[in-house]
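Below: the structure, in structure tokens.
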Amino acid sequence: MLGLNAPRPMGRSLRVLAALLGYPDARLREHLREMGQLLHAEQAVSAERRAELDRLMDSLHSAEPLAAEAAYVELFDRGRATSLHLFEHVHGDSRDRGPALIDLGQTYEAAGLILAEGELPDYLPAVLEFVSTQPPGEARAFLAEMGHIFNAIFGALQQRDSAYASVLGALIELAGETAKPLAPAPEPGLDESWAEPVVFDGCSTQGQARPGQPQPIHVMRQGARIDPQGAAP
């Protein structure tokens, strides 16, 4: 018998949230109803947040497909503030990002997870797929470690009045925290973002929560396998 304070399972909910953050193609839209059923069955996410997620899924289902896909690209691929590549928020364009990607990719391999062709390890849906294989306590701790990034993306999505903010809000709740949207930092101009650092002046720390204080995302190496009954299409 589970104790009164036993952590609620969240693996299927994490996989649904991972799928919702993916490109809204025909395959994803085909599974929206099933995904909603899994969220409500597991009840890892609060009822209020599930209602918000239902509205997001309803909007994806009813939207004209090309419009939904174009809106997704405009939202997530046109600036750093809403990027779903987590190391952009941690390392920016510094040289530290490459080794961090390699380490994270090796962690996935050790857990038996294979990335889709062209997918980077720090892509949030891929990260959530991995976290969904961890025991509830470790999954919650992993999410909490990324909480400052989730809050930053959450704030940027709220600023854009995007229904996708509900997904980040749900992730913050699953981490055991309260959503506290952070005001997004000003986006650098094109010339500034492409500027080369001064020779021998060290690596950029752009994107770190505290300048000069690298904040790598630590991962827990587990041998768990993905549940074949998972929700991600």
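Letter by letter, the sequence shown follows residues 2 to 234 of my numbering.
Note that the Cβ used here is the ideal one computed from N, Cα and C, for glycine as well.
Extent of the continuous alpha helix (DSSP H) to which Met-247 belongs
No information on residue 247 is available, as it lies outside the stretch 2 to 234 that the chain covers here.
Close Cβ partners of Arg-51 (< 7 Å) along its chain, the five nearest in sequence each way excluded
For the purposes of this step, residue 51 is taken as the residue at position 50 of the sequence shown. Counting only Cβ-Cβ distances below 7 Å, and skipping sequence neighbours, we find Leu-40, His-41.
Are there three or more Cβ pairs, one per stretch, closer than 8 Å when the segment 25–35 is compared with the segment 60–69?
yes
In the DSSP assignment, the alpha helix (DSSP H) including Ile-173 goes from what residue to what residue?
By one-based count along the sequence shown, residue 173 stands at place 172. First-last of the alpha helix (DSSP H) with Ile-173: 166–175.
CB Leu-169 to CB Phe-143, shorter than 7 Å?
The residue you call residue 169 lines up with position 168 of the sequence shown. The residue you call residue 143 lines up with position 142 of the sequence shown. No, Cβ-Cβ distance for Leu-169 and Phe-143 is not below 7 Å.
How far does the alpha helix (DSSP H) with Glu-36 in it extend, from its first residue to its last?
Within the sequence shown, residue 36 is the residue found at index 35, counting from 1. Reading off the sequence shown, one finds Met at residue 36, where the question assumed Glu. Element bounds for Met-36: 33–43.
Let me confirm a value: Ile-103 is counted as buried when at least 16 other C-beta atoms fall within 10 Å, else exposed. Which label applies?
Your numbering for residue 103 matches position 102 in the sequence shown. Result: exposed.
CB of His-86 within 7 Å of CB of Asp-59, strictly:
Residue mapping note: residue 86 aligns to position 85 of the sequence shown, counting from 1. Residue mapping note: residue 59 aligns to position 58 of the sequence shown, counting from 1. No, the Cβ-Cβ distance between His-86 and Asp-59 is not below 7 Å.
Tell me which residue opens and which closes the alpha helix (DSSP H) that Tyr-73 is part of.
The count along the sequence shown starts at 1 and reaches residue 73 at position 72. Unbroken alpha helix (DSSP H) run through Tyr-73: 66–77.
Quick one: residues in its chain with C-beta nearer than 7 Å to the C-beta of Val-128, no 5 flanking neighbours on either side, listed in chain order?
Position 127 of the sequence shown, counted from the start, is the residue given in the question as residue 128. Hits under 7 Å: Leu-87.
Hey, quick one: how far does the alpha helix (DSSP H) through Thr-83 stretch, first residue to last?
Residue 83 sits at position 82 when you count from the first residue of the sequence shown. Unbroken run through Thr-83: none, as it is neither H nor E.
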